[in-house]
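S.K.: Residue numbers (the working numbering): 338 to 660.
A virtual CB, placed ideally from N, CA and C, is assigned to each residue, including glycine.
All figures in this text were calculated on a predicted structure; none of them were measured in a lab.
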Amino acid sequence: MEKVGVIGAGSLGTALAQTISENVDKVYLHLRREELAKTINETRYNTEYYPNTKLKDNIIATCDYNDLKDCKIIILSIPSSAFRFVLKDLKGLVREDVIFVTTAKGIEYPSLKTMGDLIEEYFDDSYVALSGPNFASEIMLELATVSNIASKNKESAMKVKSILTTPQFKIKILDDVKGLEICGVTKNINAIANGICEGMNINENARYGVLTKGFDDTKTIIQSIGGNPETAGEYCGFGDLVLTSTSSESRNHTLGMLYGQRIIVDEKASGIVFEGKNSIMAVKDICDKFNIKSVIVEFVYDVIVKQIPPKIAFNNLWLNIED
């Protein structure tokens with residue numbers, strides 16, 4: 338394949354561009370800031386995210402969507418909150434047969450549309466969703482990593498697998514797009530829940546009970562929206578849930594810890610995007626819509642949205658943990 342586009346030069350977008358560059362002629366890495374694009378093209382370093390890792394020579398930074406118009410595959414490595422706006426900008430500009438790949442682990446609120454739903458709204462259903470226990474920094478260092486992709490179009494999935502696969506980056510294809518995308522959303526909630534517990538210094542017996550309950554609730558939620566509950570046992574489900582719920586590198590785990598310590602986070606002032614906050618409101622609506630009782634979702638919603646003291650919220654969770 339000659340050209341592939343990556344929109345979003347953050348930690349994951351840059352890491353995926355570096356990975357893909359081994360398999361294609363050119364990777365166009367789109368970002369908003371012209372100064373950073375110039376720095377990348379002149380020095381081969383994304384000084385904002387990876388100041389010590391040199392980018393491959395066939396990665397071209399650009400701020401112009403026109404450079405992506407001939408790309409057969411475009412990876413959307415952007416926050417879920419920006420998804421709709423970017424798709425609007427790309428409509429009529431890129432190839433009609435372009436394959437979009439979404440990496441966003443979020444859901445639009447209050448529409449409750451996944452990122453795949455938004456792609457279908459503006460383009461078609463041949464998109465591919467990527468999700469797994471993947472810290473971008475480890476991908477960038479070419480450390481052993483495995484992930485899932487899912488698509489309604491098998492040919493699209495195979496093409497995307499071919500550009501992503503390297504000796505260290507492995508890809509397993511699933512056919513449950515909905516389940517994969519919902520796993521990416523619910524793992525945010527589980528990561529926050531376990532972060533809250535850690536911030537409160539809850540004992541480990543209880544914390545891993547909460548983790549197990551969150552995994553069980555994930556299967557129920559997937560099934561309710563028409564997905565396959567077995568997807569929860571894949572890399573995009575169990576793997577990602579455990580990684581982000583237990584690692585200090587996880588932003589949502591960190592968010593939970595701060596709330597568990599009664600430190601309220603101003604996301605705009607901090608400049609950090611925590612997709613979990615929108616996820617909890619969306620998943621709470623899904624649970625209400627399908628009459629699902631999830632004590633983990635209720636717990637996180639109480640602490641993050643209703644700002645109930647964590648100790649009171651945890652006591653309510655523990656009263657119903659066996660349900």
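Using a Cβ-Cβ cutoff of less than 6 Å, which residues in the same chain neighbour lysine 524 once the five nearest sequence positions on both sides are dropped?
M.R.: Answer for lysine 524: Asp577, Leu578, Thr581, listed in chain order.
S.K.: Just to confirm the assignment, what range does the alpha helix (DSSP H) spanning serine 463 have?
M.R.: Per DSSP, serine 463 belongs to no alpha helix (DSSP H) and is neither H nor E.
S.K.: Compare the Cα-Cα distances from isoleucine 412 to each of Leu366, Lys425, Arg432 and report the closest residue.
M.R.: Here the closest residue by C-alpha is Leu366.
S.K.: Output the distance between the C-alpha atoms of valine 610 and valine 602, rounded to the nearest integer angstrom.
M.R.: Only weak support exists for where valine 610 lies, its pLDDT of 46 falling under 50; the value from the coordinates is given anyway. Roughly 11 Å separates the two Cα atoms.
S.K.: From Lys391, Glu372, Ala374, pick the residue whose C-alpha is nearest to that of methionine 381; which is it?
M.R.: Note that residue 381 is arginine in the sequence shown here, rather than methionine. Checked all of Lys391, Glu372, Ala374; the closest Cα to arginine 381 is Lys391.
S.K.: Taking the beta carbon of serine 488 as the centre, do at least 16 other beta carbons fall within 10 Å, making it buried, or is it exposed?
M.R.: Under this definition serine 488 is a buried residue.
S.K.: Output the distance between the C-alpha atoms of isoleucine 444 and methionine 452, rounded to the nearest integer angstrom.
M.R.: Spanning the two alpha carbons is a distance of roughly 6 Å.
S.K.: Going by C-alpha to C-alpha distance, which of Glu571, Lys556, Leu427, Gly570 sits closest to asparagine 624?
M.R.: The identity of residue 624 in the sequence shown is cysteine, whereas the question assumes asparagine. Cα-wise, what sits closest to cysteine 624 is Lys556.
S.K.: Using the Cα positions of glycine 342 and valine 364, report the straight-line distance between them to the nearest angstrom.
M.R.: Taking the straight line joining both Cα atoms gives about 6 Å.
S.K.: Rounded to the nearest angstrom, how far is the Cβ of isoleucine 508 from that of isoleucine 486, given a contact under 8 Å?
M.R.: Correct: roughly 6 Å between the Cβ atoms.
S.K.: Locate the beta strand (DSSP E) running through alanine 346, then write down its first and last residues.
M.R.: Unbroken run through alanine 346: none, as it is neither H nor E.
S.K.: For asparagine 628, does the count of other Cβ atoms within 10 angstroms reach 16, so buried, or fall short, so exposed?
M.R.: Exposed, since its Cβ has fewer than 16 Cβ neighbours within 10 Å.
S.K.: Kindly provide the ranges of any alpha helix (DSSP H) runs that are 4 or more residues long and lie completely inside the stretch 559-623, ordered along the chain.
M.R.: Whole alpha helix (DSSP H) segments, 4+ residues: 577-583, 588-597, 604-607.
S.K.: Three-state secondary structure (DSSP) at phenylalanine 636?
M.R.: Helix at phenylalanine 636.
S.K.: Exposed or buried, leucine 427, counting other C-beta atoms within 10 Å across all chains shown (16 or more means buried)?
M.R.: By the neighbour-count rule (16 or more Cβ atoms within 10 Å), leucine 427 is buried.
S.K.: If we ignore side chains and look at the alpha-carbon of each, how far apart do threonine 356 and phenylalanine 420 end up?
M.R.: Cα to Cα, the separation comes out at about 23 Å.
S.K.: From isoleucine 559 to glutamate 535, what distance separates their C-alpha atoms?
M.R.: Near 26 Å, if we compare the C-alpha coordinates of glutamate 535 and isoleucine 559.
S.K.: Exposed or buried, valine 431, counting other C-beta atoms within 10 Å across all chains shown (16 or more means buried)?
M.R.: Flag for valine 431 reads buried.
S.K.: Is the Cβ-Cβ distance between isoleucine 529 and asparagine 589 less than 7 Å?
M.R.: A contact, by the Cβ cut-off of 7 Å.
S.K.: Mind checking whether phenylalanine 506 and threonine 482 have CB atoms under 7 Å apart?
M.R.: It is a contact, given that the beta carbons lie within the stated cut-off.
S.K.: DSSP three-state label for serine 418, please.
M.R.: In the structure shown, serine 418 sits in a helix (DSSP, three-state: H, G or I).
S.K.: Within the same chain, show all residues whose beta-carbon is closer than 6 Å to that of isoleucine 410, passing over the 5 residues directly before and after it, in chain order.
M.R.: The answer, listed in chain order, is Val341, Ile436.
S.K.: What residue does the alpha helix (DSSP H) around isoleucine 519 start on, and which one ends it?
M.R.: 514-536 is the span of the alpha helix (DSSP H), which, as asked, contains isoleucine 519.
S.K.: Buried or exposed, going by whether 16 or more other CB atoms sit within 10 Å of the CB of arginine 369?
M.R.: It counts as exposed.
S.K.: Would you mind giving the Cβ-Cβ distance between leucine 517 and serine 561, rounded to the nearest angstrom? I have them listed as a contact below 8 Å.
M.R.: At roughly 15 Å, the Cβ-Cβ gap does not stay under 8 Å, so leucine 517 and serine 561 are not in contact.
S.K.: On a Cα-Cα basis, can you pick out the residue from Tyr402, Asp639, Thr376 that is closest to glycine 429?
M.R.: Taking only the C-alpha atoms, the option nearest glycine 429 is Tyr402.
S.K.: Short of 6 Å in beta carbon distance, which residues of its chain neighbour alanine 352, apart from the five on each side in sequence? Order them along the chain.
M.R.: Result list for alanine 352: Ala473, Ile476, Met477, in chain order.
S.K.: Buried or exposed: which applies to isoleucine 600, given that a residue is buried once 16 or more other Cβ atoms fall within 10 Å of its Cβ?
M.R.: It counts as exposed.
S.K.: Which runs of the beta strand (DSSP E) spanning at least 3 residues fall entirely within the stretch 361-408, listed in chain order?
M.R.: Entirely contained in the stretch 361-408, the beta strand (DSSP E) runs reaching 3 residues are, in chain order, 363-367, 396-399.
S.K.: Do isoleucine 526 and valine 620 have their C-beta atoms closer together than 7 Å?
M.R.: It is a contact, given that the beta carbons lie within the stated cut-off.
S.K.: What residue range is occupied by the uninterrupted beta strand (DSSP E) comprising asparagine 485?
M.R.: Start and end: 482-488.
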